Each structure stands twice: as C-alpha cells, then as structure tokens.
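K.L.:
Residue numbers (our numbering), protein chains in the order written: chain A, 139 to 491; chain B, 124 to 436. Backbone N, C-alpha and C fix where the C-beta goes; we use that ideal spot for every residue, glycine too. Model, not experiment: these values are computed from the prediction.
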Ligand code: SF4
Ligand code: SF4
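#1: In terms of alpha-carbon separation, which member of A:352, A:274, A:259, A:276 lies closest to residue 288 of chain A?
#2: What are the partner residues of residue 246 of chain B, as DSSP defines its beta bridges?
#3: Output the distance between the C-alpha atoms of residue 239 of chain A and residue 299 of chain A, rounded to the nearest integer angstrom.
#4: Rounded C-beta distance between residue 254 of chain A and residue 417 of chain A? I'm assuming under 8 Å.
#5: In terms of residues, what are the limits of the alpha helix (DSSP H) holding residue 464 of chain A?
#6: Any idea if residue 299 of chain B is buried or exposed, counting beta-carbon neighbours within 10 angstroms, 16 or more meaning buried?
#7: Between the alpha carbons of residue 253 of chain B and residue 277 of chain B, how many angstroms are there, rounded?
#8: Can you find a CB in chain A that lies within less than 8 Å of the CB of residue 221 of chain B?
#9: Comparing alpha-carbon positions, which option in A:488, A:170, A:477 lies nearest residue 186 of chain B?
#10: Judging by CA-CA distance, which residue of A:263, A:275, A:144 is the nearest neighbour of residue 250 of chain A?
#11: By the three-class DSSP mapping on this structure, what secondary structure does residue 479 of chain A have?
#12: Going by Cα to Cα distance, which pick from B:155, B:251, B:209, B:246 is closest to residue 239 of chain B?
#13: By the 8 Å beta-carbon criterion, what residues does the segment 144-162 of chain B contribute toward chain A?
#14: Whole beta strand (DSSP E) runs in the segment 191-232 of chain B with 3 or more residues, listed along the chain?
#15: Note down, in chain order, all residues in the segment 168-193 of chain A with a beta-carbon under 7 Å from any beta-carbon belonging to chain B.
#16: Considering Cα atoms alone, identify which of B:249, B:307, B:260, B:305 is closest to residue 297 of chain B.
#17: Name the chain B residues that come within less than 9 Å of residue 469 of chain A, Cβ to Cβ?
#18: Give a yes or no on whether 8 Å exceeds the smallest Cβ distance from residue 168 of chain B to chain A.
#19: Could you tell me whether any Cβ in chain A is nearer than 8 Å to the Cβ of residue 186 of chain B?
#20: Which residue wins for smallest C-alpha separation from residue 311 of chain B, given the options B:138, B:179, B:231, B:286?
#21: Give the straight-line distance between the Cα atoms of residue 224 of chain A and residue 233 of chain A, rounded to the nearest whole angstrom.
#22: My output table needs one value for residue 182 of chain B: the three-state DSSP class, helix, strand or coil.
#23: Against chain B, which members of the segment 475-488 of chain A pass a CB distance test of less than 9 Å?
#24: Please list, in chain order, the residues of the segment 356-386 of chain A that have any C-beta partner in chain B closer than 9 Å.
#25: Please determine whether the Cβ atom of residue 222 of chain B lies at a distance below 7 Å from any heavy atom of ligand 3.
#26: Is the distance from the Cβ of residue 501 of chain B to the Cβ of residue 213 of chain B below 8 Å?
#27: Inspect the beta-carbon positions of residue 202 of chain A and residue 261 of chain A and report whether they are closer than 8 Å.
#28: State buried or exposed for residue 188 of chain B, treating a residue as buried only when at least 16 other CB atoms are found within 10 Å of its CB.
#29: Give a yes or no on whether the C-beta atoms belonging to residue 481 of chain A and residue 442 of chain A are separated by under 8 Å.
#30: Closest by CA to residue 388 of chain A, which one among A:144, A:180, A:149, A:433?
#31: Under 8 Å between beta-carbons, which chain A residues line up against residue 192 of chain B? List them in chain order, please.
#32: Does the beta carbon of residue 182 of chain B sit closer than 8 Å to a beta carbon anywhere in chain A?
#33: Can you tell me whether residue 259 of chain B is buried or exposed? The criterion is at least 16 other CB atoms within 10 Å of its CB, across all chains shown.
#34: With 8 Å set as the bound, which would you pick, yes or no: does the beta-carbon of residue 455 of chain A sit closer than that to a beta-carbon of chain B?
#35: For a contact meaning CB atoms closer than 9 Å, what does residue 142 of chain A contact in chain B?
#36: Exposed or buried, what is residue 197 of chain B when buried is set at 16 or more other beta-carbons lying within 10 Å of its beta-carbon?
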C-alpha cells in the first residue's frame, strides 16, 4: 500500500520530468537547446503539453472495436503499474512481500503485450495492427533473454524476493559476502558494504548479464533503437496511431512507467537496490552513515535515474533496427549468450561462493 | 570440412559481436561528447567577427526574437524610398522584374522643388507603393534610381499577419492634395492649349498634332488608372512634334490622315495606334534625310506598349 501511494504520484511526476529531461538530452546531443519558452529554461513545457493533451477530444474511430479500443490503454497501464507492487522501495518498505516477487513482476509485465495487441486490433487500422504485431513479436522474443539474464541473478542470490535480494547486497546482510564472490580469496566484504557487495561485484559475470538485461529491457519498453512498434516514420506511431487525448497520455505514461520499472529492476538486481554505493573504510563508516529509511529511497531512485539517463542517451545515439536485425539480435546473439552466462553463473555459485 | 566451416561461422559470429561492441561504444562516446559540449553555446556574432567560423562546438540554436545575428549595415533587405528625393521618373517600376512597384504620377506645371542632390522635381507622386510580398529583392530598382532615393535597408524581419500589409506606401500626398494638384495641372493645360490655339490658328499642321494630343489624352483622363504612361508620351511628343514641325511638315500630313481614320471607330485603341503609325511614318518616308535624333525615341516608346497589350487583351 505504501508503495502504491508512493509510486503512483512518483510515476506521474517522473513522466513530467522525464519527458522534459529526454527532450533536453536529445537537444543537447544534437547541438540544440530543446524547450526554452515555457518557464525558465522551458521547465514547464511538459506541464503545458500535458494540459493541452488533457483538453483534447477523446476520439473513438467509427470502425474501431469500441470495447477493445477503450480498454487497451487501461490494460497496458495496469499491467505496467502492477509491476511496481513488488519493488522494495527502501529498508523495510517493500510493497507486497511476495516470495516469488521477481517471477510475479515478469509475468504481470508480460500482460503488457495483451494491451498492445488490443489497441492495435481494436483500432481497425493497418498501421496500428502492424505496430501491434511487431510489438508482440518483439516483446515475446526479448522476454527470453530477459528472463535468462535475470535467472542468472536469481541463481547467484538464491532468492526470488526482491527485498531479500536487496538486503543480500549490502551491509545489512546476514550472509557472508566475499570479494568478487570468491571464497578462497578469504576477503569478507559483508561489513564493508558499499558497491563491493553489489551483485555485479559479487559475481562479475553478471555485468554481461546486465548488458543483456538492459538491451532486452529497452526492447520490452519499446524504446529506440527497438521502437519498431511505434516507429513514427513508418507506422505513424504504431499501435497508438488512433488514440488521442488522455488515452494517448496513458500510453505515454505506460511507456515511461516501463522505462522506470526496468531501471528500478536493473538497479535492484545488479546494483544493490537501495544499498549505498559508499563502503565503510576503516573508521570512516560511510556505508553505515548512508544507510537508512530515507537514504534507501534516495539511492534506489538515484540509481534508477542514472539508468534512465543511459536509456535516453542510447535512444538518441542509435538508429532504429530493422525487423530482421531485431530478431537476429534477440535469437542469435542475446539468447545464446544469456544461456552461456547462465551456465557460468551456476558454476560460479557452485564452486566459488 | 564441416568443422572448418563451423569454425569460420564462429569466427564471423565473434567478429560481429566485437564489431558491434566497438561501434556501439564509439557511438555512445560521440554523443556523450556532444552532450558535454552543450554547456557551450554559440553567440550571436555577425559575419564580420573573426570568430564567426570558429565556433564549432556547443549548441548552435539562436533564440531568434531574443537574440539575432547582427546584419551588416549594408544589408540589402527591405526597400525604403526617401520620397522627398524621388523624382517619380518611373525607372524603378519599369526595371522591376516582378512589377511590384506601383507609381502614379501627377504632373505639375512648374518645377515643384529639388531633391537633396539638386535634381529638379517635376512630378508629384500620388502613389508610390512597393509590394514587398512580390519583391524578389534583386535590387535592380535601387541601381537604376537616378537620385538614389530608393535604397535597401538592413531591416529583414517584417513579417505580417495580412499579406496586404506587405504593400508599403511611400507616397505622402493626401487625396485632397492629389485632387488639387490634378486640377491645377488640368487648368494649366487647358490654359496652355487655349493660348496655343490662339497663337497657331493660322497654320493648319500645327493645330493638328495638338488636336491629336487632346484626343489621346481624353480617354485616359476619363480613366485615371492608366496615367502612369501618360507623362511619357506627353513630355516627349511635343518634342517630336516640335521638331517635326520645324523639319518635315509635309511628311506629317499623311500620318494625320491615317490617324483620324483609325481613331474614329474604336475609342480605347487610339492610345496605342498613333504610336505605331508614327513609327511607321518615321521609318518609312520621313526621317531618311533629316532627323536622326527623334527617331530612337519613337522606337523606344512602343516598347511599353508591347508589354501592355497582352494585359489589356
Ligand atoms: S528589388 Fe527587384 S523585385 Fe524588388 S522592387 Fe526592386 S526591382 Fe522590384
Ligand atoms: S527610380 Fe528613384 S527617382 Fe525614379 S521613381 Fe523610382 S525611386 Fe523615384
């Protein structure tokens, strides 16, 4: 309940800031200035856009399948937002304490596909249907490497509960943590904490896992370079071509919500969740000082924001992939590598830790 | 054999991955560099500035209404006419390739003043409009202007909500002034005619050209849209006819006969007709022996006529 009360307004606020940030980053990368008119440095631009969007007419195309069309944005947003239920926000605040939280998250987020297909089919529009088909093909394909890369983390941390997983990556853990996860080195870093106890440091092979997770996550969120379902230049926006006003806004919200969810998940799985990156160094107990209720939230959101920035940076760097390239990447490269990494993770867990 | 192929495949596979990582990281580095450079920004400096071509980093956007690259003082954009210096010679209107200058002169009996460079002014500008929406900013009008009153200024931002606002009016006369000046000139003309009629009632050939002039001007006075062309024939014809009076009186006669014939049936046409006939006359029989000077003038005159015909027909 706490997470619900926190995440819903947070998500809305994030979308406002995120859109602004994205436009600014895009502009700076392209030697432009971005929004500058509304408010100082254009800060209020997104709010102005939002107000405009809310005033727009809610159009229901004549030939559309009314029920599907109207329900689709809600389904998409609900599916994405349900994922937030299991995220551990900070020390002791974890929303639904589901033992199989990670599994639930992956499952519920996949429902997203259903909403997209509903939107594409319900619009009764070629382009929307094209977009929806692509989206379904893409999301289902990328679910495989995504799941495999996450499975590696699950193997290392031996749990599906995200809160427990987070605790195991910091100074609050009950288990011993060895440097790079190698027991034979005999360096116990559990009490040092900081970045040394993060999953990516506990078992360095997870870096590869993280890259795969990140790429697959981008594809799941339909972000460039994997935004084929939307691809404005070919499909005029894909599955949300026919939407306007608030319903279109929900799509936008869902997209940014998905981005944020992937970023949170990446931070929790690989970078210690709400744990501080600062280690205890001798008497300088930085980790102890920067661990707490508010610090936890700060670190988690901070890490998520860094990942969001990387997503935007990637988006404005790479061009969109072709459909065959997209499938190539998923099935020929990411999936096999993810399987290999998974295997190494298992071996690491058995022999090293 | 098969193992070699498989090995080959594996190496291309690995190479692909390596290449992808390399190129992708290169791309990210490049965009990050630009992201950092965005802290700098281009300043609105003019082309005279030695640094104009040196600012290669940072954002290039200029927020136009707030900042603008200064244009040189010699910038050639919007036209300006210093109407006090304009002698209403109509040259600019003639040379303009898009016909966007619209001049309506009123003749005056005497010199009405001098321009700042001492050229006497003999015409009032009842109308001097330049339609900037049509203007192609070729600058031809400014080069032909004899008094250099028509110039291009450095003002380049003069967008309007209504295209009609692009018509710039430079004439400063009020309708009342226009009317009085017109009347004054007509009166003057009438007086002059009367005088002439008095003095030259003895010799026939002299009155005839006079009659011709009144005939041609009559329709154009009724329709004051065309007076643009009036000044030319008016000012020049007397010179022609004067010279002709002195030199070839006999040669004039057949011309007159032709004219009266042609003018009587169709009223609007006589304006054009007389000239070709003059030209014919002058080229055919008259000017062989004596006058070479007036000849180019009648030849020059028909030109605007040729231009005009397609408009009327
Ligand atoms: S600049 Fe060229 S187009 Fe414009 S008014 Fe002068 S002659 Fe005509
Ligand atoms: S050329 Fe110059 S002097 Fe002649 S009418 Fe045009 S602006 Fe006036």
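P.N.:
In this structure, then:
#1: A:352
#2: B:230
#3: 5 Å
#4: That pair is no contact at about 43 Å.
#5: 461-465
#6: exposed
#7: 17 Å
#8: no
#9: A:170
#10: A:275
#11: helix
#12: B:209
#13: 147, 150, 151, 153, 154, 155, 157, 158, 160, 161
#14: 202-204, 224-230
#15: 169, 170, 171, 174
#16: B:249
#17: Here the premise fails: no neighbours, minimum Cβ distance about 13 Å.
#18: no
#19: yes
#20: B:231
#21: 6 Å
#22: strand
#23: 475
#24: none
#25: The model depicted lacks ligand 3 and carries ligand 1 and ligand 2 instead.
#26: In the structure as shown, chain B starts at 124 and stops at 436, and residue 501 of chain B therefore has no counterpart that could be examined.
#27: yes
#28: exposed
#29: no
#30: A:149
#31: Simply none; closest approach about 16 Å.
#32: yes
#33: exposed
#34: yes
#35: Simply none; closest approach about 35 Å.
#36: exposed
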